[in-house]
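Residue numbers (the working numbering), protein chains in the order written: chain A, 22 to 498; chain B, 2 to 365; chain C, 188 to 564; chain D, 182 to 558.
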Amino acid sequence: MKRKNKLFVEKIKTFSEGKFGVSVRKLTILNEEAFILYIQELTDGKILSDSIIKPILQNGKDTMLTIDKIFSSVIYIDDISMDDDENKIEDYILKGKSIIILSNSEKYIIANTLKIEKRAVSAPQVETTLRGPRDSFTENMDTNLSLIRYRIKDPSLRMDNFVIGRRTKTNVAVVYIEDIANKKHVDEVKKRLDEIDIDGVLESGYIQKFILNNTFDLFPQAGIVEQSDTACQNILEGKLCIIVEGSNLALVVPKTFIEFLDTGDDHYENLYLAIFSKMLRFSALGIALTLSALYVAVVSFHSDILPPQYILAIATSRVTVPFNAFLEVIAMEFITEVLREASIRLPQQVGAAISIVGAIVIGQAAVAAGLISPLMVIIASLSMMCSFVAADYTIMNPIRILKFMMIFITGIFGIFGFTLGFTFIIINLCSQTSFGIPYFAPIAPFNFQDLKNYIFSDVNLERKRPKFLNTIDKTRK
Amino acid sequence: MNESLTNRQIAFIIFGVLIGYGVMELPKNVAENAGTGGWLSLLIATAITIIFAYMITYLSYVYKNKTIYEYSERLTGKFITHIFMIIYIFYYFLGFTMITRVSCETIKLTILLKTPIWVLSLLFSFVIYYAVIKRLRVIARVCEIYGIFIIIAALLIHTSLFTQGKLINLRPFFVLEDLPLYFKSTLNMIFPFLGIEILTIIPFAKKNHKKVFKYITLMIVCISFFYIMIVESCISVMGVDEIVHYNDALYATIRRVDIPAFQVIRRLDGIFLIAWIMAIFCTITIWCYGAIVLLSKLFKKIHFNLLAFIVVFMGYIVSQMPTTYDQVKKVLDYMSYYGLVVMGIIPTILFFITKVKKYDKKMQ
Amino acid sequence: MIRKCSKLLIIFIFSLTLTSCWDYEDIDKKSIAISIGVDQVADKVQFSSEITKLIPSQGDTEKAQTANVYNTVSYGKNFEDARIHYDAINPFPVFLGVTRVVIFGTDYAKKGIESYFNRIGSIYDYRKTLLPVVSREKPTELFDIKVEKDISVGFLIENTINSLANSGKTLYPNVGEVLSNIALDEVGYVMPYVGIEHGHIVYLGFAVMKDSKLVGVIDLVDTDGVLYLLAEKPILVEAIPDPKKEENVYSFRTAIKKRKIKTNYMNKKVVINIDLDLNAALRYQYYTQPVSDKKIKKLEEMISEKVKEDMRNIIKRSQKEFQCDIFQFAKYFRAQYPNIYKKIKWEDAFKDANVNVTVKTKIINKNLADPNAKKKY
Amino acid sequence: MIRKCSNLLIIFIASLMLTSCWDYGDIDKKSMTISIGIEQIGDKVQFSGELAKLTPSKEGTEKAQTAQIYHTVSYGKNFEDARIHNDVINPFPVFLGVTRVVVFGTNYAKKGIEPYLNRIGSIYDYRKNLLSVVSREKPKALLNIKVEKDISVGFLIENMINSLANSGKTLYPNIGELLSNIALGKVGYVIPYVGIEHDHIAYLGFAVMKDSKLVGMIDLVDTDGVLYLLAEKPRLVEAIPDPEKEENIYSFRTVIKKRKIKTNYIDKKVEINIDLDLYAALQYQYHVAPLSDKKIKKLEERISEKVKEDIGSIIKRAQKEFQCDIFQFARYFRAQHPNIYKKIKWEEAFKDAAVNVTVQTKIINKNLEDPNAKKKY
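Written as structure tokens, this is what we have:
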């Protein structure tokens, strides 16, 4: 009986040396001492004193307190439990819990007094939309889960919790609706999350790297989501949302190529605007990838594709330019990429101004100095603007890289190289799978219904959930 | 490895195989053999192809998820199957190399004058190798996307060609006395229809039920209308006498037309080139895939990717061998007769054996 | 103590280096010479050149306009003398890094241009990839021509020769190659020959230089032979009349597939065997006639015959008229028989060397045309 | 192992490809020909070209201004020779993708333009929908005219013929159509004929080509007949004098409603029936005079009569003077009787073919005017 107590006392002794940053509070009540172990930075001092120390001291004045009595009738905290395993004490304390040990008791009480500073729920920065709720995810796990929970009040909403990272022990929650999400996907995600063996997870990006099926795949297979309503939309559709403690961007898995271009507010606007903005985004994606390459193909290889007036106009505008078209395009694209990177890295006040000023001033000066043809400045800035169009910016990163590949191959083979470069990208896209679902789903293995629903993205027309997800509960209505 | 494709993907694979290099000199062959009444011989050729296609689909339909190797082994025994396999492999390999070579030759003579041939076919081989090692399902998906793009581009181009052409060039539509000529000319109109036999290597799964026949015949009819549209629009622009002089008849016609209505793309050769190179890519990838699959059936031990590398590498070497353009053309002419054997005779033999031995009843 | 004076030392060295930057000079503070003309007038050497005028013209728009050009002329007993007179005129030090072309007048070329080549080889900022050209008229006349097609005469000549060389119709010998030929002194070399016709600067053909002295000119029409021998990738057009019907001409574009030059030395006589494999592509016929295989064979022979004819009489001309090995066969002979080469005197050996040329042509395509298509009606 | 060597292979090939871009040539490094003139002088072929000068004029304004023009001339015994002499003048490789018009001189047209048409058909960067024109004066003179109305002579001619063709007053035959007529063999064709009138470039009518040789000229005035037969949508103006009062003229604009050409072959003679339905719209009367229905009937007959006479005379002229089927009736005959066409020789058959023309006109509107309104006072 006494053995367990002796271990507890040793534990208290080691902690009280103050090496671990754990503070020990001794309370003497009637005939015995009670010890409260907690980490200063992680506990809410007010709760500790009001709902633990005060009641113990008051009740301890006149009655004999045993551990069970304290547990059941003294402490006011809601989340409270009992345990007797001594080496779990450290974990509980590190998790921000406080431990109450009586000098002669065999068990100890674990009370959740966690309090860390958290950002208020603010408007989305990454995925800003015109119409749509403003509350986006924050770094705090509970707020994120509460944002989802209050939107989907479905009993079968499951939030499986995982602890990943030997040292950081970050909580990762996989949120899905049990009778919609496809069993195979859920198990696959769980299997991969369990397999992760790493010392620390700091952002959802880490998790994303692990659940890819091949690290060298060019296109992202998990979408990021910052707005809680888009997250709930995906969960309702049958996808899984992975929320990582300490990161404000949740992951949505599995995600196909065209869903990266689908913003939340398409579903709220009227039908025609949704269709129009979808077409706009697709053509912008195409322009971002191919416009510079086509400029090189037309100016330097087969310039008789254009009618005569256009050829003469381009030729006269390019006369003073010392570089050939290929180098000019590479230089201009490089400048626009540098500007984009600079505008992100610079602090907020300076950043926005720099990118616009930079693009115009450099463009204008380059044209005035006769280094770049005016047409090229237009093309470079247009393709830069087009690359901001996608709702989920992660799809645009590979496009920016592939643009250079297309320019190089067109610079060598003209239209022939252009077509084969484009084919190379299409093959790569079609061969990729995101959790078993073909990446180019509604287009490549063609399904008219899904494609229609995707383009219209109108809730009352959409009777069925996308077939490629093959969810358990098929119908929406 | 489940290689099952949806009916729609099978139809688009046939579209990808048929529409390729044959389209480029189709107007010339038709005009040379059958004059302005060529559309009739095209229809006759389509009818024959539909019959062959029906037979091959029936075979694949009866022997679910089996390729020709398996069900011909069942029907005709090991030895004959090996002969068939060698015939098919050589046919696919020859097709793959010669079409690559003749397309690179045409691309060199039309748009990239100073680029050497070996570089063009090297780039082709790279992309084809990348496509082939991704296996049939990815090729089917690519063919689906490209099929739609090619159809849209073709409709745009050929309707505008019709507006520029003269109706009088198309007449006389039908000359009674020339009827035997039309039948005779279907013989050398086989080349554009070569490719149906690819169905033998596509294993049908349960989901390819009865409707697959409808899909395939519908696609072949749509392809034949596609061909007739091309031939009639080219003859309407160039006239029967002029078009026989150009081996790249379709490209010559497109370079001859200037549609003031589309302001920027008034010269259509930009769109046409992209669509045509995509079509060539689909054809060559599927022919190459055919050769590799059958080879992998014979040499089970060698890993598929290694086999693919060998076939593509050998194909590249063989495609550099012929020195002049006319040699390649001669090989392609023999290919069309060889194609008759592969597309016609062997499937009919297997079809009759199945019917005679009533295997199809047993398999149900 | 060392600490104290080391600081002093650093300051002193620092100030020294700051004040005197030796090689520093802005590009716009230099008079940039675009092309140099060298000619012999009586006993004086004449330097004439085109220098870019960098003063912004009156309508000063911030758009950088291409430089326009002014000409200068200076005379002197020898190069150094002429150069001093030349410097005396220019406001800024002369910068030769941009020079595109050196034009030698005919009289100077006749006297010998080796001396100026060595000068080019040695002066620091002269680029060795400079284009040397011999001109029929005087360089000063050439520079006085009003040029609308290009920025200046220098650019025009260099662009013309460059575009012709890229399309395989002439040679683009740069100073480096000429210097190496001079070093191998038993051989001559050819240089582009330009002149003025109807107010246009025109490439007339090749100037043949023996011991760097102008000995003759090869007209444009018969430069084919030289190109088949010397050019890297000559792409030439041969117009072959139809054997039966004279006025139907077949136009072929020929490209070299393989060129082998073998020399051997038999009973005191040098034998040079040149064999050439040509790929010919029939571009079009004046009047489309069916072309049977037999006729293809016939045409192949006629092309080989014509090309052999061209090469043979250009070599005969270089043996008889110019009497010098302008095709640098010496290099091949020395490569194959180094010891014999040391013994014999190559100039005379070359003069009476017998040369046999074998040409095989193969018509590879008919430019996607099918002349023998059967007409329906 | 394969993985390792395949990486090596890829790097090697990538670097190889990067260094040598074979077909690379920027558009502004090309001398773009706007129009080409071909003339036969003695036994030499003369190419005179009009090229776009891309060097911006001295006042380099900000907006891209239209290109200026410069001219080149070159001679040669055949096209290939003339082309080389043309290349030696231009600083950059010649680019023919922008060519607007090909001008044939009269004596070259007389000798036969088929060779040059085949050349256009085969050269890669020639656009086949080029306009070809025969000029009365020498092409060199035509191209050197100072033009203020348009950028250059080439653009001027092309825009002029194009606008006339769009308004149905002339034909716009591009090279493609001419080549298919030549391939058809037994027919002639007409090409626009231009010349210089009081130093303005003017469209003079049609040049008639038999076996691609110039045999005659149809003046502008009597081209109506040709347009009624060949143009797709001719819109011509007919001035018809009032039957009673001569000097009051009615001006009609006529449009074709239906045009049917039927041919048949009766006892060894070809018979061509052309029937034509015209819509005529009265534009105005010189002197406004009331117009009764009877008079409208009368005017309709007069119009049909005039058009019938125009067409009849031009066909008779084609049969007698030019003796060749310039209206390509052969196509209609072949379409309707293919086997007879195989048997007979069309040139002779056409010469003595019986042609009957029937024209019906219908006056559809009087341009919203009411000439027979009764005046009150």
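Beta carbons: idealized from backbone N, C-alpha and C, even for Gly.
Would you call Y316 (chain A) buried or exposed, if buried means 16 or more other Cβ atoms sit within 10 Å of its Cβ?
-> Note on Y316 (chain A): 16 or more other CB atoms within 10 angstroms of its CB, so buried under the neighbour-count rule.
Throw me the rounded Cβ distance for the G438 (chain A) and T431 (chain A) pair, which I believe falls under 8 Å.
-> Confirmed, Cβ separation roughly 5 Å.
Burial state of F513 (chain A), where buried means 16 or more other Cβ atoms lie within 10 Å | Here chain A covers residues 22 to 498 and nothing more, so residue 513 (chain A) does not appear.
How big is the Cα-Cα spacing for V45 (chain A) and L367 (chain A)?
-> One Cα belongs to V45 (chain A), the other to L367 (chain A), and the distance between them is close to 45 Å.
Based on the DSSP secondary-structure assignment, which residues constitute the bridge partners of P422 (chain D)?
-> Beta-bridge pairing links P422 (chain D) to D:I430.
N454 (chain C) at chain B interface by Cβ criterion, 9 Å = Nearest CB-CB separation between N454 (chain C) and chain B: not below the 9 Å threshold.
Reduced DSSP category for Q252 (chain C) - H, G, I as helix; E, B as strand; rest coil = Note that Q252 (chain C) scores a pLDDT of 49, beneath 50, so its modelled location is shaky; the value from the coordinates is reported in the next line. Three-state DSSP puts Q252 (chain C) in coil, outside helix and strand.
Measure the C-alpha to C-alpha separation of P319 (chain C) and A263 (chain D) and round it to an integer number of angstroms.
-> C-alpha separation (whole angstroms): 26 Å.
Under 7 Å (Cβ pairs) to chain A, residues found in the segment 266 to 278 of chain B = Only R267, R268, D270, G271, L274, I275 and I278 from the segment 266 to 278 of chain B bring a Cβ to less than 7 Å from some Cβ of chain A.
Per-residue burial, M56 (chain B) [other beta carbons within 10 Å of its own, 16 or more giving buried] = Residue burial is scored here from C-beta neighbours: M56 (chain B) has at least 16 other C-beta atoms within 10 angstroms and is therefore classed as buried.
Straight-line CA distance for V14 (chain A) to V279 (chain D)?
-> No information on residue 14 (chain A) is available, as it lies outside the stretch 22 to 498 that chain A covers here.
Since N26 (chain A) and E127 (chain A) are thought to touch, with beta carbons under 8 Å apart, how far apart are those beta carbons, to the nearest angstrom?
-> Contact holds; Cβ gap of about 6 Å.
How is the alpha helix (DSSP H) around D250 (chain A) delimited, first residue to last?
-> Its alpha helix (DSSP H) spans residues S249 to E258.
Please name the residue in C:V424, C:S399, C:G284 and C:K449 whose C-alpha comes closest to that of T410 (chain C).
-> T410 (chain C) has its Cα closest to that of C:V424, out of C:V424, C:S399, C:G284 and C:K449.
What three-state label does DSSP hand F409 (chain A) in the structure shown?
-> F409 (chain A) falls in the coil class under three-state DSSP.
Sort out for me which residues DSSP pairs K445 (chain C) with in a bridge.
-> According to DSSP, which records beta bridges pairwise, K445 (chain C) is partnered with C:D464.
Could you work out which residue in C:V334, C:N305, C:D210 and C:L351 is closest to G363 (chain C) when comparing CA atoms only?
-> Among C:V334, C:N305, C:D210 and C:L351, the Cα nearest to that of G363 (chain C) is on C:N305.
For A192 (chain C), count neighbouring Cβ atoms within 10 angstroms of its own Cβ and tell me buried if that reaches 16, exposed if not.
-> Residue identity differs from the one stated: residue 192 (chain C) is Cys in this sequence, not Ala. C192 (chain C) comes out exposed.
At least one CB of chain A closer than 9 Å to the CB of L235 (chain D): is that the case?
-> At least one chain A Cβ lies under 9 Å of L235 (chain D).
Cα-Cα, which of B:G36, B:L188, B:H304 and B:I100 is closest to V176 (chain B)?
-> Cα-wise, what sits closest to V176 (chain B) is B:G36.
Three-state secondary structure assigned by DSSP to A426 (chain C) | If DSSP states are grouped into helix, strand and coil, A426 (chain C) belongs with the strands.
Based on the DSSP output, what are the partners of K576 (chain C) in its beta bridges?
-> Nothing can be reported for residue 576 (chain C), as the shown portion of chain C is limited to 188 through 564.
Could you give the distance in angstroms between the alpha-carbon of D512 (chain C) and the alpha-carbon of L463 (chain C)?
-> Rounded to whole angstroms, the separation of the alpha carbons of L463 (chain C) and D512 (chain C) is 19 Å.
Taking S167 (chain A) as the query, report the chain D residues whose CB atoms sit under 7 Å from its CB, ordered along the chain.
-> The premise fails here: S167 (chain A) is roughly 50 Å from chain D at the closest Cβ pair, so nothing lies under 7 Å.
Which of helix, strand or coil does DSSP assign to Q227 (chain D)?
-> Looking at Q227 (chain D) - three-state DSSP - the assignment turns out to be strand.
Express the C-alpha separation of I290 (chain C) and Y257 (chain C) in angstroms, rounding to a whole number.
-> Computed Cα separation, rounded: 17 Å.
Give the residues of chain B in contact with P519 (chain D), contact being defined as C-beta atoms less than 7 Å apart.
-> Chain-ordered, the chain B residues with CB closer than 7 Å to the CB of P519 (chain D) read P173 and V176.
H206 (chain A) and L423 (chain A) closer than 9 Å at C-beta = Their beta carbons are not under 9 Å apart, which means H206 (chain A) does not touch L423 (chain A) by this criterion.
Classify S438 (chain C) as helix, strand or coil using the three-state DSSP reduction.
-> Strand at S438 (chain C).
In the DSSP assignment, what residue or residues form a beta bridge with P379 (chain C)?
-> Bridge partners of P379 (chain C): C:F393.
Relative to chain A, which residues along the segment 188 to 216 of chain B have a C-beta separation below 8 Å, given in chain order?
-> Within the segment 188 to 216 of chain B, no residue qualifies.
Could you round the C-beta distance between Y289 (chain A) and G153 (chain A) to whole angstroms and report it? I think they count as a contact, below 8 Å.
-> The pair is a contact, with the Cβ atoms about 6 Å apart (cut-off 8 Å).
Should D259 (chain B) and N355 (chain D) be called a contact, given that it needs their Cβ atoms to be closer than 9 Å?
-> Contact flag set, yes.
Please determine if the segment 373 to 387 of chain D and the segment 397 to 407 of chain D are in contact, where contact requires at least 3 C-beta pairs separated by less than 8 Å.
-> Verdict: yes, contact present.
Would you say V382 (chain A) reaches chain D, if we count a Cβ-Cβ gap shorter than 9 Å as a contact?
-> Not closer than 9 Å to any Cβ of chain D, the Cβ of V382 (chain A) fails to qualify, so no.
Span of the alpha helix (DSSP H) around N362 (chain D) = Note, N362 (chain D): alpha helix (DSSP H), I356 to L365.
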